[in-house]
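In what follows, a structure is listed as structure tokens, so that the remarks can point back to it.
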Amino acid sequence: MGRMFGTDGIRGIANVDLTAELAFKVGQCGAYVLTRHATGRPRILIGKDTRKSGDMLEAALTAGMCSVGAKVIPLGIVPTPAVAYLTRKYKADAGVVISASHNPCEYNGIKFFNSEGYKLSDTVEDDIEAYIRGEKELKGLPTHGKVGYVNANHDAIEDYVAFACSTIDCDLNGINVAIDCANGASYQTAFKALNKLGANVEAIHNTPDGVNINHKCGSTHMESLQAYVTSIGADIGLAFDGDADRMLAVDEKGNLIDGDQIMAVCADYMRKRGRLAKNTLVATVMSNLGLFIAGDKMGINIPKTKVGDRYVLEEMLDNGYTLGGEQSGHVIFLEHNTTGDGLVSALQFLRVLKMTGKKASELASIVEVLPQVLVNAKVKLENKDRYMEIPQIAEACKRLEEEFAGEGRVLIRPSGTEPLVRVMIEGKDKAVLKEKAQELADMIEELLG
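Here the working numbering is used: position 401 in the sequence shown is 384, and no number is missing along the way.
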């Protein structure tokens, strides 16, 4: 049986993979592990996105947590980063989010934050999983007045909005902003925050019905926001994903501004004001080569991590960096929050827009986004990690890198879930990239398939 916890909690199709019975055990065992050293009655926050299955899973999680004596504090529909922040603000012992992020509505998930607002380590997740599977025994379940109970919080949205607004030192008067809330967890918070700061806000996909979350909208489907920005003459568009821990933008011409560009703009602004810790921005190996070229020009160090925000965060915490993220728009401003926060990212970018007086397109041009081509090579499952052991593959990659002479890049990595090796090539000429990527993928399939 595989590991229950993936890279971002437990996920699956609600009522099929992620059942109420499993949610009860996750709540019970998660609360047991995370609060066993609490003094007095432990307190746990629960937030969720707009999926219809959230109510079912929340009820089951709540029952499980109450069964080990916890005081459960439901926050209602709030972004994932709101739970991370409010866990710290309310001095709770843990926080739980019910969400499947950018996935379709039939999926859902459960992820935990510890008392400091950080996602759990693999070690803690493995401990929880051992109790869920019955490999470890829950002891001393409470009875009588020690059984847990529920006490709702009705200030969560306002408290989170106030926090987000406090992360910038200017108003947004005069800026025309279009937002796409993905019919998800940001449908109240994004509008409230931007309105509070004085922006002129127009919203689309902000009428969730329990099943339309992420449906042809949000940060994974940018087309409708791109069209909307140009149709109303907005200065900028902001798109969130279902749980609002990601944000991508659209300039006034309708062009996409991706996570690499957002990070570069904010890093440069912070550097010029002495606010970029160790003059460093953390990115992943999948960030565009254009970001690293821009970093060299700006004098900003950009270390690369494996793909995944948890690896970005580890690098930041280990080395004292305060800014990092992914091309997908998952950006961590560690001086403000402990996880990716779409609203905080949006406000940091808007602050640069306001303080510099530049157009969004001009700001984004700091990074020349080079074309990327991705081709999958089908291989035998047992061979997918062996690609660089094969001399012909290693030599082909070396030749390509030499041919690009610093203006292109070859990245090969195995799929995490499928018998595939992904070949990604960046450079200036897309036609050449397609040809070279296909040649390399064909070679890998021939040698490892």
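We put the CB at the ideal spot given by N, CA and C, even for glycine.
Hey, out of Leu394, His319, Met39, whose CA is closest to Ala65's CA? Minimum Cα-Cα distance from Ala65 among the listed residues Leu394, His319, Met39 corresponds to His319.
What residues in its chain sit with their C-beta under 6 Å from that of Leu44, if we drop five residues either side in the sequence? The answer, listed in chain order, is Ala6, Gly10.
So, helix, strand or coil for Thr126, using DSSP? Looking at Thr126 - three-state DSSP - the assignment turns out to be coil, as it is neither helix nor strand.
Identify every run of the alpha helix (DSSP H) within the region 18 to 64, keeping only runs that are complete inside it and at least 4 residues long; order them along the chain. Scanning the region 18 to 64 from its first residue to its last, the whole alpha helix (DSSP H) runs of 4-plus residues come out as 36 to 49.
Alpha carbons only, please: which of Lys419, Glu378, Val314 is nearest the one belonging to Asn359? Looking at the Cα atoms, Lys419 is the closest of the given residues.
Can Met407 and Leu357 be called in contact, C-beta distance under 9 Å? Using a Cβ distance threshold of 9 Å, Met407 and Leu357 count as a contacting pair.
Chain-order list of residues whose beta-carbon lies under 7 Å from that of Leu17 (same chain, five-residue window excluded): Counting only Cβ-Cβ distances below 7 Å, and skipping sequence neighbours, we find Asp76, Ala77, Phe95, Asn97.
Using only the alpha-carbon positions, how far apart do Ile376 and Arg392 sit? The C-alpha of Arg392 is placed about 15 Å away from the C-alpha of Ile376.
Do Ser466 and Asp192 have their CB atoms nearer than 9 Å? Lying outside -16 to 432, the shown extent of the chain, residue 466 is not represented and no answer is given.
Can you name, in chain order, every residue of its own chain whose Cβ lies under 7 Å from the Cβ of Leu124, other than the five neighbours on each side? Counting only Cβ-Cβ distances below 7 Å, and skipping sequence neighbours, we find Ser50, Val51.
Is there contact here, the region 380 to 399 with the region 260 to 280, by at least three beta-carbon pairs under 8 Å? Yes: the two stretches touch, three or more of their Cβ pairs being nearer than 8 Å.
Residue range of the unbroken beta strand (DSSP E) whose run includes Glu386: From DSSP, Glu386 is part of no beta strand (DSSP E) but of the alpha helix (DSSP H) over 374 to 387.
Let me check understanding here. Comparing Cα to Cα, which of Lys337, Val352, Lys411, Ser214 lies closest to Ala180? Strictly speaking, residue 180 in this sequence is Leu, with Ala absent from that position. Taking the Cα of Leu180 as reference, the smallest distance to any Cα among Lys337, Val352, Lys411, Ser214 is reached at Lys337.
Taking the Cβ atom as the reference point for each residue, do Ala3 and Met39 lie within a distance shorter than 9 Å? Taking 9 Å as the Cβ cut-off, Ala3 and Met39 qualify as a contacting pair.
Is it buried or exposed for Asp324, if we count other Cβ within 10 angstroms and need 16 for buried? By the 10 Å Cβ count, Asp324 comes out buried.
Under 9 Å between C-beta atoms of Tyr211 and Gly220: Yes, the Cβ-Cβ distance between Tyr211 and Gly220 is below 9 Å.
Output needed for Phe387: all residues of its chain with C-beta closer than 7 Å, excluding positions within five of it in sequence on either side, in chain order. Taking Phe387 as the centre and dropping the five residues before and after it, the same chain places the C-beta of Gly410 closer than 7 Å to its C-beta, in chain order.
Tell me the rounded alpha-carbon separation between Asp412 and Gln421. For Asp412 and Gln421, the distance between alpha carbons rounds to 14 Å.
Identify which residue in Gln355, Glu401, Arg334 has its Cα closest to the Cα of Asn366. It is Glu401.
Using only the alpha-carbon positions, how far apart do Leu239 and Thr322 sit? Distance from the CA atom of Leu239 to the CA atom of Thr322, rounded to whole angstroms, is 23 Å.
Close beta carbons around Tyr252, own chain, < 6 Å, minus the five adjacent residues each side: These residues qualify, in order along the chain: Val335.
Cβ of Lys31 within 9 Å of Cβ of Ala168? Taking the C-beta atoms as reference points, Ala168 is found nearer than 9 Å to Lys31.
Take the Cβ of His313 as the centre, count every other Cβ of all protein chains shown within 10 Å, and call the residue buried at 16 or more, exposed below. Burial call: buried.
For Ala161, report the span of its beta strand (DSSP E) as first-last. Here the beta strand (DSSP E) through Ala161 covers 159 to 163.
To the nearest angstrom, how far is it from the Cα of Ala139 to the Cα of Gly59? Within the model, the alpha-carbon separation for Ala139 versus Gly59 is close to 8 Å.
For Ala182, the nearest candidate out of His198, Lys199, Val160, Phe332 (CA to CA): Taking Ala182 as reference, the option from His198, Lys199, Val160, Phe332 with the minimal CA-CA separation is Val160.
Under three-state DSSP, which class holds Glu390? Glu390 falls in the coil class under three-state DSSP.
First through last residue of the alpha helix (DSSP H) which encompasses Lys367: Segment: none, Lys367 is in no alpha helix (DSSP H) and carries neither H nor E.
Thr(-10) to Cys153 span [Cα, whole Å]: Distance from the CA atom of Thr(-10) to the CA atom of Cys153, rounded to whole angstroms, is 36 Å.
Are the beta-carbon atoms of Gly473 and Val265 separated by less than 9 Å? For the chain, the structure presents residues -16 to 432; residue 473 sits outside this window and is missing.
Let me know the secondary structure DSSP gives Tyr15 once reduced to three states. Correct three-state label for Tyr15: helix.
Say whether chain C places a C-beta atom closer than 9 Å to the C-beta of Lys122. Absence of chain C from the displayed structure is noted, only one protein chain being present.
Rounded separation between Ala46 and Thr150 - CA only: Straight across, the Cα-Cα distance linking Ala46 with Thr150 is about 36 Å.
Quick one: residues in its chain with C-beta nearer than 7 Å to the C-beta of Tyr370, no 5 flanking neighbours on either side, listed in chain order? Correct list, in chain order: Ile376, Ile395, Val404, Ile427, Leu431.
May I ask you to report which of helix, strand or coil DSSP gives Lys287? The answer is strand: DSSP assigns Lys287 an E or B state.
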